[in-house]
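Numbering (my numbering), first residue to last: 27 to 820. Glycine included, every Cβ here is placed at the ideal spot set by N, Cα and C.
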């Protein structure tokens with residue numbers, strides 16, 4: 027191809043497969059036109075890139091038209107067929123949002139560099155997780171303007187995954203060592219630097235912080251006793267060192283007390299793949315108690331025979347009483363010697379265990395793993411933390427954790443019964459499974475959220491309510507899930523409730539939601555979840571569908587309204603019959619010419635009084651029904667209360683003390699002056715009647731604010747609260763619940779119509795306020811009228 031290049035395309039010479047494709051490509055309809063007409067900067071950049079064996083690509087111009095070299099072809103995969111000269115945002119559409127900031131930075135004139143960047147790409151027709159190290163550099167024209175970006179890239183996916191797998195394996199190995207009953211440590215390099223040390227090892231060296239330090243630095247007492255020299259010999263020779271009851275004079279720090287320990291341990295060299303020793307594995311047991319007992323026996327017995335007997339007896343005692351199952355295995359796998367702990371755990375005597383290989387007692391599922399462990403022992407490797415199940419005399423199985431080391435053609439082992447520990451772990455797993463089953467089968471809608479609001483889990487009832495799988499909502503903010511997004515203003519309300527739950531409050535709200543199955547009313551609860559230490563870890567959301575219950579309650583309220591209407595009708599009919607009787611009598615007398623004038627005048631006066639009472643009754647009925655025309659004006663509440671107090675002082679029993687407590691600078695209320703005055707007088711009369719032996723009647727007024735978001739019964743805004751408080755007999759719960767019913771009265775026949783409180787309630791409601799009653803038997807009564815402040819709302 028190099029011999030037939032068109033004039034102006036010499037930059038493609040020696041460029042490989044991609045250069046040949048550029049030369050053969052039909053550029054007649056491309057924005058760049060034929061290659062011989064391309065800008066010099068593009069030709070120069072392509073000449074450099076095409077001749078490189080490192081994966082590179084160029085994004086030319088504002089559209090970032092893609093050009094690449096042969097080494098970049100595997101990165102494109104199946105995209106290679108149509109990628110040449112196309113915009114990078116089109117070719118790498120699935121990656122564009124991730125790499126766009128880097129490209130824009132380069133096109134703005136600043137080079138960028140990223141190492142091990144994660145990208146989810148589709149180069150082979152399916153999504154895959156990949157990692158990349160690359161740089162973006164700007165390409166400039168002779169005037170210094172950025173005309174393109176040059177990308178040099180290298181895929182690091184295999185290395186990243188390998189490092190993660192290695193980290194996981196190291197973590198599992200570290201956890202195993204942490205739980206081992208024997209002391210263990212790993213030393214790296216010729217300077218013997220601690221890579222890790224398990225808790226048992228740290229106990230042996232006085233809980234010193236050794237990880238990351240050399241033996242000489244961390245344990246100067248061990249170095250002074252020659253242990254570093256032994257480590258040097260093992261590292262140079264690659265030969266293990268085994269010690270029994272070696273003395274270690276432990277001194278945690280200068281001037282600290284010295285403790286004498288006796289240790290059984292192995293320095294096992296670790297051979298790397300290249301055959302060189304890379305470190306030393308230290309494993310052993312603290313046998314101070316046993317060794318000191320042996321030494322004491324030797325000192326106490328001058329006679330050699332008695333000394334040997336005493337020593338044997340002491341060893342036998344340790345052998346007899348230790349809870350660990352100690353034994354000696356021969357190369358055929360027979361337990362030649364076992365202490366009594368074996369019989370206590372498995373039920374087999376020492377003679378029975380020595381009569382056959384131990385593998386005959388293994389659980390069938392553990393035979394292969396035990397064979398592999400035995401092979402390692404025969405190869406000279408110590409056995410640490412190996413677990414298997416062995417059959418007891420009763421026929422069941424116990425789980426044993428083994429530690430064994432080869433010595434003199436035999437294997438000295440120690441085993442512990444961990445059946446209970448494993449059973450506890452299994453019980454915990456079963457408990458978690460049961461809790462999950464209860465969670466999934468609950469008829470409540472239940473969700474679990476992180477403290478930042480992210481939904482982590484939801485049960486089947488909750489998911490069925492919106493018809494989506496868990497994967498569709500997990501990871502979303504709780505308030506942006508389908509349970510709330512279809513209901514206007516609901517996400518903001520739920521988010522605010524969630525914030526209160528994160529503050530430690532138990533939140534409970536009734537919400538009406540638009541769900542796929544229709545409008546549902548739910549009792550929503552949000553409560554914080556704490557761990558054993560008292561720290562908040564999550565927020566639990568629960569909801570109960572109470573739609574049917576609310577429908578039933580509405581039906582009950584409607585029934586009660588019909589009952590009240592019947593009572594109202596009967597009461598009105600009774601009162602009007604009583605009022606019409608004198609009016610009709612007066613009309614009859616007026617029609618009789620023989621009636622004496624004096625009698626006619628008296629009867630007409632009684633009829634006029636009845637008509638006035640009828641007008642008052644009608645006025646109260648209209649106020650109760652909220653149909654009475656109101657002349658709402660600005661009312662000086664302070665002056666009104668003072669005037670009513672003066673009226674009460676002049677007309678009420680002197681034993682009743684009238685007190686006024688108004689806040690200073692009260693704003694005017696928006697109300698009908700006459701109706702409000704009548705309502706307060708009625709409330710004052712009720713208070714007087716509740717104190718037949720005298721007492722204190724308090725009139726008060728204050729300003730109050732109702733915040734947005736509180737909901738019914740009051741709209742947000744500013745209010746005047748006028749209260750009438752007495753120290754009288756008070757009301758019980760039944761009386762309070764019926765106090766505003768029309769014609770309900772506790773004063774007896776002829777002492778009241780039962781419409782006073784109903785009228786006051788109707789007046790407040792018609793003005794956009796409310797009537798509130800606070801009372802208890804023997805504690806008096808407080809009745810508040812909430813009235814909108816003038817100018818607060820239109």
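In its chain, beyond the 5 residues on either side, 247, 251, 284, 286 have a beta carbon closer than 7 Å to the beta carbon of residue 275. If only uninterrupted beta strand (DSSP E) runs of at least 3 residues are considered, those enclosed by the segment 491-544 are 533-541. Note: residue 556 is bridge-paired with 562 in the DSSP secondary-structure output.
Of the other Cβ atoms in all chains shown, 16 or more fall within 10 Å of the Cβ of residue 105; this residue is therefore buried. Going by DSSP, residue 177 is part of the beta strand (DSSP E) stretching over 172-181.
Between residue 226 and residue 210, the C-beta gap is smaller than 9 Å, which places the two residues in contact. Between the C-alpha atoms of residue 171 and residue 135 there is a straight-line separation of about 8 Å. With a minimum length of 3 residues, the unbroken runs of beta strand (DSSP E) contained wholly in the segment 176-231 fall at 209-214, 219-223. Counting the other Cβ atoms within 10 Å of the Cβ of residue 194 gives fewer than 16, which makes it exposed. Here residue 402 carries a helix assignment [DSSP, helix/strand/coil]. DSSP, read as helix, strand or coil, puts residue 674 in helix.
Secondary structure of residue 485 (DSSP, three-state): coil. Listed in chain order, the non-local C-beta contacts of residue 507 below 7 Å within the same chain comprise 481, 499, local neighbours out to five positions each way being set aside.
Taking the C-beta atoms as reference points, residue 295 is found nearer than 9 Å to residue 305.
In the structure shown, residue 660 falls within a strand segment according to DSSP collapsed to helix, strand and coil. Judged by beta-carbon spacing, residue 426 lies within the 9 Å limit of residue 441, meaning their Cβ atoms are closer than that value. Using a Cβ distance threshold of 9 Å, residue 429 and residue 409 count as a contacting pair. Under the three-state reduction of DSSP output, residue 365 falls in the coil class, being neither helix nor strand.
Exposure of residue 196 is indicated by the presence of fewer than 16 other C-beta atoms within 10 angstroms of its C-beta. Contact annotation: residue 701 and residue 789 have beta-carbon atoms nearer than 9 Å. Inclusion of residue 167 and residue 157 in the CB contact set at 9 Å is not warranted, their separation being larger than that value. Taking a contact as a CB-CB distance under 8 Å, the pair residue 419 and residue 372 counts as one, their CB atoms being some 7 Å apart. Inter-residue distance for residue 40 and residue 154 is about 34 Å (C-alpha atoms, whole angstroms). When the Cα atoms are used, residue 93 and residue 127 turn out to be separated by approximately 20 Å. For residue 631, the secondary structure class from DSSP, reduced to helix, strand or coil, is helix. Less than 9 Å separates the beta-carbon of residue 400 from that of residue 359. Using a Cβ distance threshold of 9 Å, residue 753 and residue 710 do not count as a contacting pair. According to DSSP, residue 296 shares a beta bridge with 305. By DSSP's assignment, residue 438 forms a beta bridge with 354, 431.
With contacts defined by Cβ atoms closer than 9 Å, residue 756 and residue 801 form a contacting pair. With a cutoff of 9 Å on beta-carbon distance, residue 289 and residue 269 are scored as near each other.
The beta carbon of residue 683 sits closer than 6 Å to those of 722, all from its chain and outside the five residues before and after it, given in chain order.
Within its own chain, the residues whose Cβ lies closer than 7 Å to the Cβ of residue 375, once the five positions on either side in sequence are excluded, are 369, listed in chain order. In the structure shown, residue 390 adopts helical secondary structure according to DSSP, grouped into three states. Per DSSP, residue 95 is not a residue of any beta strand (DSSP E), being assigned neither H nor E.
Under the DSSP assignment, residue 277 falls outside any alpha helix (DSSP H); it carries neither an H nor an E label.
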